[in-house]
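*Asks:*
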Amino acid sequence: MDAKRSSVAPALLDWYDRHRRDLPWRAKPGEMPDPYRVWVSEVMLQQTTVATVRPRFTAWVARWPDVGALAAAQEAEVMAAWAGLGYYARARNMHAAAKAVAAAGGFPRTEAELRMLPGLGAYTAAAVAAIAFDERTVVVDANVERVVSRLHAVATPLPRSRPAIRIAADMLTPDMRAGDFAQAVMDLGATVCTPKRPRCLLCPVRGWCDAYATGEPGRYPVKQPRAERPRRHGTAFWLEHGGRVLLHRRPPRGLLGGMLALPTGPWAQEPPGFANAPGATGWRMLPNTVEHGFTHFRLRLALAVGSGAGHEEGEWWPIAALDGAGLPTVFRRAAEALRSGR
Ligand code: SF4
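Here the sequence shown stands for residues 27 to 368, numbered as in the working numbering.
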């Protein structure tokens, strides 16, 4: 344990200085990190890959280059710009946090104060404090969980092992360059200590890795088998009139809250058919469906098409400009299927 504690951080930091990934939100060596860019990237990267986030981050900071610009934006624009990145409450929280930061004249600099901003969870607060302000915090994301589980060959399955992983990550974190250390572990997890087939022969901390010593590093982290998610059914309605399609804005709170979406009826255990269809036109069901996985359930959407009179309540959006509506992924996919099948 002592050898790990004293050796892993220097070896990883040395490796990081030579192999760090060049990412658009990272400060170049010698530059001061920008807390706004660190924060936006960390929120975007939760549950989303670096490849997806790269262009989205670049477009975001081109549109809102600093926290003041984001604070001054309309919430609907922010929500639309987030479309496809999932967990839309994050976008609403980011907007609220931007307003708080702009009103205070700048970002707070400590993990504890960052944690008090709307929607800034434990992970984001720790990451921003470490990376932007070099506070010694313990940053644990999925990459860190994997690397630490392997370094210690943690036999307890996730998520039960989380408290032990956190303690181990804390012991490995150096007093200086905590932000670089966090990014080094993230980079190692993304490029060398990958989920499948870790490239141990390239690893700078192989000499202290218990999982490597077992000969089966890919067995870690041990995971609890995932429970089957229940399935729900719904119907997405494509109501068209004069080159426009009817969209509804979803209620502000709850799943996909505040987002524009195709009208749907209830989401239920059995297919709800035409329940709560907007307008009273002759609806026609398409033969195909669209599936989408949310965190706690899977949704199967039946697809219904009809033509409206143009006075049904909602927003009549030009079909040719539907990409600009910022539909969440499930409705974007339903809209594509409905457009091609109508
Ligand atoms: Fe991961 Fe292999 Fe390095 Fe251990 S030796 S940390 S399993 S890449």
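Using N, Cα and C, we set each Cβ at its ideal position, and we do this for glycine too.
(1) Using a Cβ-Cβ cutoff of less than 7 Å, which residues in the same chain neighbour residue 134 once the five nearest sequence positions on both sides are dropped?
(2) Keeping to the same chain, check which residues put their C-beta closer than 8 Å to that of residue 333; ignore five residues upstream and five downstream.
(3) Taking all protein chains shown into account, do 16 or more other C-beta atoms lie within 10 angstroms of the C-beta of residue 171, making it buried, or fewer, making it exposed?
(4) So, helix, strand or coil for residue 317, using DSSP?
(5) Restricting to Cα atoms, I'd like to know which of 236, 244, 123, 358 is closest to residue 5.
(6) In angstroms with no decimal places, state the Cα-to-Cα distance between residue 95 and residue 106.
(7) Could you check if residue 47 belongs to the surroundings of the ligand SF4, using beta carbon to heavy atom distance under 8 Å?
(8) Would you say the beta carbon of residue 36 is closer than 8 Å to some non-hydrogen atom of the ligand SF4?
(9) Would you mind sorting residue 263 into buried or exposed? The rule is 16 or more other CB atoms within 10 Å of its CB.
(10) Grab me the residues of residue 277's own chain with a C-beta within less than 7 Å of its C-beta, minus the 5 sequence neighbours each way, in chain order.
(11) Rounded to the nearest angstrom, how far is the Cβ of residue 312 from that of residue 288, given a contact under 8 Å?
(12) Please tell me whether residue 319 and residue 368 are closer than 9 Å, where the distance is taken between their beta carbons.
(13) How would you write the range of the alpha helix (DSSP H) that residue 76 sits in, first residue to last?
(14) Is residue 3 near the ligand SF4, with its Cβ less than 8 Å from a heavy atom?
(15) How far does the alpha helix (DSSP H) with residue 45 in it reach, from first residue to last?
(16) Is residue 104 near the ligand SF4, going by C-beta to nearest heavy atom under 8 Å?
(17) What's the C-alpha gap between residue 156 and residue 55?
(18) Around the C-beta of residue 302, are 16 or more other C-beta atoms found within 10 angstroms, so that it is buried, or is it exposed?
(19) The ligand SF4 heavy atoms versus the CB of residue 170: any closer than 8 Å?
(20) Would you say residue 237 touches the ligand SF4, meaning its beta carbon is less than 8 Å from a heavy atom?
(21) Out of curiosity, what's the CA-to-CA distance linking residue 339 and residue 64?
(22) List the residues that DSSP assigns as beta-bridge partners of residue 311.
(23) List the DSSP bridge partners of residue 260.
(24) Please report the straight-line C-alpha distance between residue 167 and residue 153, rounded to a whole angstrom.
(25) Using DSSP's beta-bridge definition, name the partner residues of residue 265.
*Replies:* Put simply:
(1) Against the sequence shown, residue 134 aligns to sequence position 108. Closer than 7 Å at the Cβ level, and outside the excluded window around residue 134, lie 140.
(2) For the purposes of this step, residue 333 is identified with residue 307 of the sequence shown, where counting begins at 1. Excluding positions up to five away in sequence, the list reads 265, 266, 267, 307.
(3) Along the sequence shown, one-based indexing puts residue 171 at 145. Buried, by the Cβ-count rule.
(4) Looking up residue 317 in the sequence shown gives position 291. Three-state result, residue 317: strand.
(5) The structure shown does not extend to residue 5, since the chain is modelled only from 27 to 368, so the question has no answer here.
(6) On the sequence shown, residue 95 is found 69 positions in, with the first residue counted as 1. On the sequence shown, residue 106 is found 80 positions in, with the first residue counted as 1. In a straight line, the C-alpha of residue 95 is about 16 Å away from that of residue 106.
(7) For the purposes of this step, residue 47 is taken as the residue at position 21 of the sequence shown. Flag unset: Cβ of residue 47 not near the ligand SF4.
(8) To locate residue 36, count along the sequence shown from 1; it is residue 10. Outside the cutoff, so no.
(9) Locating residue 263 in the sequence shown gives position 237, where the first residue counts as 1. Under this definition residue 263 is a buried residue.
(10) Counted from its first residue, the sequence shown places residue 277 at position 251. Result list for residue 277: 283, in chain order.
(11) Here residue 312 refers to the residue found at position 286 when the sequence shown is read from its first residue. Here residue 288 refers to the residue found at position 262 when the sequence shown is read from its first residue. With a Cβ gap of about 13 Å, residue 312 and residue 288 do not count as contacting.
(12) In the sequence shown, residue 319 corresponds to position 293, counting from 1. In the sequence shown, residue 368 corresponds to position 342, counting from 1. Taking 9 Å as the Cβ cut-off, residue 319 and residue 368 do not qualify as a contacting pair.
(13) Taking the sequence shown and counting its residues from 1, one reaches residue 76 at position 50. Looking at the DSSP string, the run of the alpha helix (DSSP H) that includes residue 76 is 76-89.
(14) Here the chain covers residues 27 to 368 and nothing more, so residue 3 does not appear.
(15) Sequence index remark: in the sequence shown, residue 45 carries index 19 (1-based). From DSSP, the alpha helix (DSSP H) with residue 45 extends over 28-45.
(16) For this step, residue 104 is matched to residue 78 along the sequence shown. No, since every heavy atom of the ligand SF4 falls outside the 8 Å radius drawn around the Cβ of residue 104.
(17) Taking the sequence shown and counting its residues from 1, the one referred to as residue 156 is at position 130. Taking the sequence shown and counting its residues from 1, the one referred to as residue 55 is at position 29. Near 16 Å, if we compare the C-alpha coordinates of residue 55 and residue 156.
(18) Within the sequence shown, the letter at position 276 stands for residue 302. Result: exposed.
(19) Taking the first residue of the sequence shown as position 1, residue 170 is located at position 144. No, the beta carbon of residue 170 sits no closer than 8 Å to any heavy atom of the ligand SF4.
(20) Working through the sequence shown from its first residue, we reach residue 237 at position 211. Yes, the beta carbon of residue 237 sits closer than 8 Å to at least one heavy atom of the ligand SF4.
(21) By one-based count along the sequence shown, residue 339 stands at place 313. By one-based count along the sequence shown, residue 64 stands at place 38. Cα-Cα distance, rounded: 41 Å.
(22) If you number the sequence shown from 1, residue 311 lands on position 285. 330.
(23) What you label residue 260 is simply residue 234 of the sequence shown in a count that begins at 1. For residue 260, which the question treats as bridged, DSSP gives the partners 327.
(24) Start at 1 with the first residue of the sequence shown, and residue 167 comes out as number 141. Start at 1 with the first residue of the sequence shown, and residue 153 comes out as number 127. Using only the alpha carbons, I get a separation of about 9 Å.
(25) Counting from one through the sequence shown, the residue named residue 265 turns up at place 239. Answer by DSSP bridge pairing, in chain order: 332.
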